[in-house]
Ligand SMILES: Nc1ncnc2c1ncn2[C@@H]1O[C@H](COP(=O)(O)OP(=O)(O)OP(=O)(O)O)[C@@H](O)[C@H]1O
Ligand SMILES: [Mg+2]
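Encoded structure:
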């Protein structure tokens with residue numbers, strides 16, 4: 004469904020991503036791994052419209068996405084989370100999810116919402132759905148708390164649920180387990196499988212190899228901007244090039 008075709012991204016003299024081609028299969032968990040600085044986040048930035056590739060294609064169900072703006076890519080069905088958590092800190096947990104849902108609605112949503120009965124009903128429906136999404140990740144008891152008051156691991160869950168609120172086809176997760184404790188990681192493992200059951204496809208960047216090897220259906224390995232290997236988890240684990248890249252890197 005989602006594919007990149009020889010995507011290259013240059014920053015001045017640096018080639019951060021070098022002719023990388025990946026395919027994300029529907030209803031599967033595809034992982035993108037590799038040492039620090041390999042170009043994983045940069046490729047995400049390119050898929051999600053933060054950067055335009057210097058060359059190459061990004062395709063969703065055959066439609067070209069390269070060079071489109073972030074909101075257009077979101078409308079096309081792709082959402083993402085960030086390596087550095089990016090929430091509306093002063094807003095409540097529930098409001099953060101509402102913002103995710105509103106990306107599907109048009110501007111002056113807040114102005115117009117409260118005026119008529121029909122719109123009030125719409126507001127109730129939207130709140131109910133946002134609350135259900137919080138229940139889905141086990142955050143409902145924090146619905147009214149400011150996002151900033153959540154633990155680091157729960158902030159990551161909130162980012163995921165805000166992404167899901169826009170009803171994407173695909174969610175890109177950039178290091179969702181970073182900062183999570185062992186229990187939270189185990190819960191994340193289950194959550195990722197639940198997201199697939201919802202019908203949402205996952206592309207995940209993650210350094211936690213236990214999690215990656217457990218959840219991934221297919222893995223791409225980037226190193227210095229280039230695709231070093233691809234394959235099933237057991238193939239990747241035994242690949243000498245991959246082992247060397249990790250031992251040689253600062254990971
Ligand atoms: N906006 C930018 N301008 C210049 N260089 C950049 C920019 N963004 C990323 N880079 C460089 O591109 C390379 C790839 O960075 P990227 O953040 O994609 O790596 P990563 O694989 O996500 O690493 P990590 O695992 O540490 O998050 C790095 O050398 C980085 O310094
Ligand atoms: Mg990164």
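Numbering (my numbering), first residue to last: 4 to 254. C-beta atoms are modelled at their ideal positions from N, C-alpha and C, and glycine is treated no differently.
message: According to DSSP, is residue 169 part of a helix, a strand, or is it coil?
response: Looking at residue 169 - three-state DSSP - the assignment turns out to be coil, as it is neither helix nor strand.
message: As a quick check of your reading: which residues have a C-beta less than 7 Å from at least one non-hydrogen atom of ligand 2, in chain order?
response: Ordered along the chain, the selected set is 43, 44, 86, 177, 178, 208.
Residue environment, residue 177, which counts as buried when at least 16 other CB atoms sit within 10 Å: It counts as buried.
field: Local Cβ density within 10 Å of residue 158, reported as buried at 16 or more and exposed below that
entry: A residue is called buried once 16 or more other Cβ atoms fall within 10 Å of its Cβ, and residue 158 is buried on that count.
- prompt: Going by C-alpha distance, which of 210, 191, 170, 216 is nearest residue 202?
  reply: For the residues 210, 191, 170, 216, the minimum Cα distance to residue 202 belongs to 170.
Alpha helix (DSSP H) runs contained entirely in the region 141-189, provided each spans 4 or more residues: Fully enclosed alpha helix (DSSP H) runs of 4 or longer: 155-167.
message: Whole angstroms are fine: how far does the CA of residue 83 sit from the CA of residue 163?
response: Distance between the alpha carbons of residue 163 and residue 83: 8 Å.
- request: Run the CB neighbour count on residue 161, radius 10 Å, all protein chains shown included, and call it buried at 16 or more, exposed below.
  value: Around the beta carbon of residue 161, a 10 Å sphere encloses 16 or more other beta carbons of the protein chains shown; the residue is thus reported as buried.
message: Please classify residue 179 as buried or exposed, where buried requires at least 16 neighbouring CB atoms within 10 angstroms.
response: By the neighbour-count criterion, in which a residue is buried when 16 or more other Cβ atoms sit within 10 angstroms of its Cβ, residue 179 is buried.
task: Using three-state DSSP, classify residue 83 as helix, strand or coil.
output: The DSSP-derived three-state label of residue 83 is strand.
- prompt: Is any heavy atom in ligand 1 found nearer than 7 Å to the beta carbon of residue 237?
  reply: Incorrect: residue 237 has no Cβ contact closer than 7 Å to ligand 1.
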